[in-house]
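These protein sequences, in sequence, are chains A and B.
Remember, our numbering sits 146 above the position in the first sequence when you count from 1.
Remember, our numbering sits 1 above the position in the second sequence when you count from 1.
Beta carbons are placed, not taken as given, at the ideal position from N, Cα and C, and that holds for glycine.
Comments concern the structure below.
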Amino acid sequence: MTLTTDHSRAVADGAHSHGAVKPQGSRAERLTSFSLEDIPVPNGREEEWRFSPADRLQPLFQADLGSSGVTVQVTAAPEVKVETVARDDARLGTAGKPGDRTAVTAWNAFEQATVVTIPAEAVASDVTSVRLEGVSTDATAAHVLVRAERHSEAVVVIDHNGVGSLAETVEIVVEDGAHLTVVSVQDWAEGAVHASSHRARLGRDAKLKHVVVTFGGDVVRITPDAEFTAEGGDVEMVGLYFADTDQHQEHRLFVDHAVPECKSRVTYKGALQGSGAHTVWVGDVLIRANAENTDTYELNRNLVLTDGARADSVPNLEIETGEIAGAGHASATGRFDDEQLFYLQARGIPEIEARRLVVRGFFAELIHEIGVPSVEERLLASIEAELEKSMSVITGAPAVEAPTA
Amino acid sequence: MPTLEIRDLHVSVETKEGPKPILRGVDLTIASGETHAIMGPNGSGKSTLASALAGHPKYTVTSGTVTLDGENLLEMTVDQRARAGLFLAMQYPVEVTGVSVANFLRTAKTAIDGTAPALRTWGKEVKGAMENLRMDPAFAERSVNEGFSGGEKKRHEILQMELFKPRFAILDETDSGLDVDALRIVSEGVNRAKDNTDIGILLITHYTRILRYIKPDFVHVFVDGKIAEEGGSELADRLEEEGYDKYVGANTTVSA
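Quick look at the structure:
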């Protein structure tokens, strides 16, 4: 169940891809538009929707999304400026156009946007926290723009909690020389449905660390796009997800190497447990004809902890120039290994503790890559909570450790 | 005196064609402080005995009993057996990505003893045990068995045996694949454990080579799922000369 490909010595051959199924044409040809008419309601058989539960997303496909379903609260670092602006603010819509139906409904329905600006040269002394709290299940649109002006540095954490039915846009603009970390945490309550289009645009020598963490909610579908606009850009996309019974968690990434001398790294890891747990990871990377000396690598790993869970993983790499520094991808989905369990138990470690060790180990390196201590601690706690559920899935009883003999 | 008692043990493995019997009535008693070598040709069931005693889910005990100090081992889970004092040095130790050796050793020691080891003395103990086995201190920060050479894996198994201080240890072909230096280092570790504790050892091997370093009190020849002959260490010497031909009638020899 392992697929590894090294493209470091690949030659240009036009549209090149080897996912499980060949996508409809090149990512370069995929339609993007601000207009609802251009991107109609999908029937679920389209390439970008074929893994998704379209019926459960139906409310977010509609043009008449409201704005009352979520509240937004921001706690900003002292150096960081926060505004609530009307939808005609000229700064909005500069990080690219919507690429699918929920992105375009979100764009057309939001009334006000939250704009977080890190002023030029400013170095934020603390994490800036944006909290979206779902307060009703009315289908709602929301818009957040994070702008890191030239040579600024900051960490922005966007949290999603509560109940909700949300179509969201997160625009990320990283100007020349800025270093920005954006963390988006989806920790919704049961019943929540969330579709979010993250669109990032990087300037010259700009650096973006983009982190996605998905634990809660019935359906969560995040589509992060990153586009380089000048040389020296560097994007690191990290994702961590943990799907339980009947949860659908989908992450579809697109990195657009449109200019030379840029670097991208994508690392997503997920664990699944329980019947009907479904994760989807699609990683599209496009190296355009003039993007010489591109350096890219993407990795997806899934750990299936119980029967009845399904992980789909589709890396796609399109290379239109032979003059690249490196390009590769790897995808591996494995089951929790009975031999590992036996080895650890044979050292006296009870089953629940053995599973904890293995899952913590699976995520450990990735968590350390995030580089934001407060986020790392929360993640470890969330993983522990998920593992408590895992034991009740396995034993059919509440997670209680058996007394030792 | 604690004993590990195996009585008329029958074990099957699940195959596509149904259960296949591998052990056909094993009788063996190991007392504390004793070293028993089990020798035999490939496929005779030696490693099945090791795995079945530790409780590997692949094997089903169809009849017989195993008691450790009077307690029914077969009713215990794998981890309960380890906590009762049984240790299995595995032939093919498994990789555990992202779990450091240091973390693993401390977690296992805590599980076996029921309380966490005192931080300061434990650190020294681990360091000392690693030095004895000529293991680099950087080893403690590596993921368990990940990227370990064959020799490193076996040293890591013996390191655990020395640190966990089990009452009985089964060494499942710990000598296979080791060069002479590694074999000597690993054997020294086993002999240290014998000197320092009252450990009983069941040493499973295909070759007589390791018996030059670890002196067995008893040698058992394993053929076709049971013990075919028993004796003292002189039996090993004879096997080295004659091979297993006498038992299997095939062209099998014992390499030195």
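Close Cβ partners of residue i (< 8 Å) along its chain, the five nearest in sequence each way excluded
| i | result |
| --- | --- |
| GLY26 (chain B) | ASP9, LEU10, HIS11, GLY65, GLY226 and LYS227 |
| LYS216 (chain B) | THR36 and SER234 |
| ALA103 (chain B) | VAL127, ALA141 and GLU142 |
Among the options, nearest to residue i - alpha-carbon criterion
| i | options | result |
| --- | --- | --- |
| GLU317 (chain A) | A:THR369, A:GLY310 and A:ARG456 | A:THR369 |
| VAL309 (chain A) | A:ALA288, A:LEU278, A:VAL290 and A:HIS325 | A:LEU278 |
| ALA236 (chain A) | A:GLY323, A:ALA259 and A:GLN491 | A:ALA259 |
| LEU503 (chain A) | B:SER144, B:ILE159 and B:ILE205 | B:SER144 |
| LEU291 (chain A) | A:THR263, A:ARG202 and A:HIS397 | A:THR263 |
| VAL365 (chain A) | A:GLU485, A:THR375 and A:GLU336 | A:GLU336 |
| THR98 (chain B) | A:ALA492, A:VAL521, A:GLU523 and A:LEU487 | A:LEU487 |
| GLU146 (chain A) | A:PHE508, A:GLY507, A:ASP484 and A:ASP201 | In this structure chain A extends from 147 to 551, so residue 146 (chain A) is not present and cannot be described. |
| GLU257 (chain A) | A:SER275, A:ALA287 and A:ARG247 | A:ALA287 |
| GLN332 (chain A) | A:ASN307, A:ALA313 and A:ALA352 | A:ASN307 |
| VAL431 (chain A) | A:GLN219, A:ARG398 and A:VAL226 | A:ARG398 |
| ILE113 (chain B) | A:GLY507, A:ILE495, A:GLN395 and A:ARG506 | A:ILE495 |
| THR78 (chain B) | B:THR63, B:VAL67, B:VAL95 and B:HIS57 | B:HIS57 |
| ARG107 (chain B) | A:VAL250, A:LEU490, A:GLU523 and A:GLY517 | A:LEU490 |
Nearest-angstrom Cβ-Cβ length linking residue i and residue j, presumed shorter than 8 Å
| i | j | result |
| --- | --- | --- |
| VAL450 (chain A) | THR479 (chain A) | 7 Å |
| THR391 (chain A) | ALA423 (chain A) | 6 Å |
| HIS289 (chain A) | THR315 (chain A) | 5 Å |
| THR360 (chain A) | VAL405 (chain A) | That pair is no contact at about 30 Å. |
| ILE159 (chain B) | VAL191 (chain B) | 7 Å |
| VAL357 (chain A) | VAL329 (chain A) | 4 Å |
| LYS155 (chain B) | THR175 (chain B) | 5 Å |
Neighbouring residues, chain B, relative to residue i (Cβ below 9 Å)
| i | result |
| --- | --- |
| VAL450 (chain A) | In chain order: nothing, as chain B lies at least about 15 Å away. |
| VAL504 (chain A) | VAL97, THR98, GLY99 and VAL100 |
| ILE368 (chain A) | Correct list: empty, because the minimum Cβ distance to chain B is about 25 Å. |
| GLY618 (chain A) | Shown here, chain A extends from 147 to 551; a query on residue 618 (chain A) therefore has no answer. |
Same chain, Cβ closer than 7 Å to residue i, five either side skipped, listed in chain order
| i | result |
| --- | --- |
| LYS166 (chain B) | THR198 |
| ALA241 (chain A) | GLU317, ILE318, VAL319, ARG345, ALA346 and ARG347 |
| ASP173 (chain B) | SER48, ALA51, LEU89, ALA90, MET91, GLN92 and ILE205 |
| LEU512 (chain A) | VAL384, LEU386, THR413 and LYS415 |
| ARG296 (chain A) | ALA266, GLU321, ASP322, GLY323 and ALA324 |
| GLY148 (chain B) | none |
| ILE31 (chain B) | THR4, LEU5, HIS37, PHE169, GLY201 and LEU203 |
Contact set between residue i and chain A, taken where Cβ atoms lie within less than 7 Å
| i | result |
| --- | --- |
| PRO94 (chain B) | TYR489 |
| ALA55 (chain B) | ALA492 |
Interface residues of chain A facing residue i [CB-CB closer than 8 Å]
| i | result |
| --- | --- |
| LEU89 (chain B) | ALA492 |
| PRO58 (chain B) | ASP484 and PHE488 |
Same chain only: Cβ atoms within 6 Å of residue i, ignoring 5 sequence neighbours per side
| i | result |
| --- | --- |
| ALA471 (chain A) | ASN439 and ASP441 |
| GLY416 (chain A) | TYR387, THR425 and ASN448 |
| LEU458 (chain A) | It should be pointed out that residue 458 (chain A) corresponds to Asp in this sequence rather than to Leu. Once the five neighbours on either side are set aside, the close Cβ partners of ASP458 (chain A) are PHE197 and VAL426. |
| VAL381 (chain A) | LEU354, ALA372 and SER410 |
| ALA53 (chain B) | VAL12 and TYR60 |
| LEU445 (chain A) | THR413 and ALA476 |
| PRO20 (chain B) | SER13 |
| VAL220 (chain A) | VAL228 and VAL276 |
Chain B residues whose Cβ lies nearer than 7 Å to that of residue i
| i | result |
| --- | --- |
| GLN486 (chain A) | VAL95 and VAL97 |
| ALA510 (chain A) | GLY99 |
| ILE495 (chain A) | ASP80, THR108, ALA109 and ALA112 |
Exposed unless 16 or more other CB atoms sit within 10 angstroms - verdict on residue i
| i | result |
| --- | --- |
| ALA531 (chain A) | exposed |
| ASP182 (chain B) | exposed |
| ALA209 (chain A) | exposed |
| TYR93 (chain B) | exposed |
| ASN462 (chain A) | buried |
| LEU120 (chain B) | exposed |
| LEU177 (chain A) | exposed |
| GLY160 (chain A) | Note that GLY160 (chain A) has pLDDT 37, beneath the 50 cutoff, so the model's placement of it is unreliable and the number below is only indicative. Exposed, by the Cβ-count rule. |
| GLY268 (chain B) | Residue 268 (chain B) lies beyond the residue range present for chain B, which begins at 2 and ends at 257; the question has no answer from this structure. |
| GLY71 (chain B) | exposed |
| HIS514 (chain A) | exposed |
| PHE180 (chain A) | exposed |
| GLU231 (chain B) | exposed |
| GLY115 (chain B) | exposed |
| LYS168 (chain A) | With a pLDDT of only 42 at LYS168 (chain A), under 50, the local geometry of the prediction cannot be trusted, and the value read off the model is given with reservation. LYS168 (chain A) is exposed by the Cβ-count criterion. |
| GLN161 (chain B) | buried |
| ASP351 (chain A) | buried |
| PRO186 (chain A) | exposed |
| ALA131 (chain A) | Residue coverage of chain A in this structure runs from 147 to 551, which leaves residue 131 (chain A) outside it and unanswerable. |
Beta-carbon neighbours of residue i, restricted to chain B and to distances below 8 Å
| i | result |
| --- | --- |
| GLU499 (chain A) | THR108 and ALA112 |
| GLY507 (chain A) | VAL97, THR98, GLY99, VAL100 and SER144 |
Residue i Cβ short of 7 Å to the ligand GDP heavy atom set
| i | result |
| --- | --- |
| HIS403 (chain A) | This structure lacks the ligand GDP, and indeed carries no ligand of any kind. |
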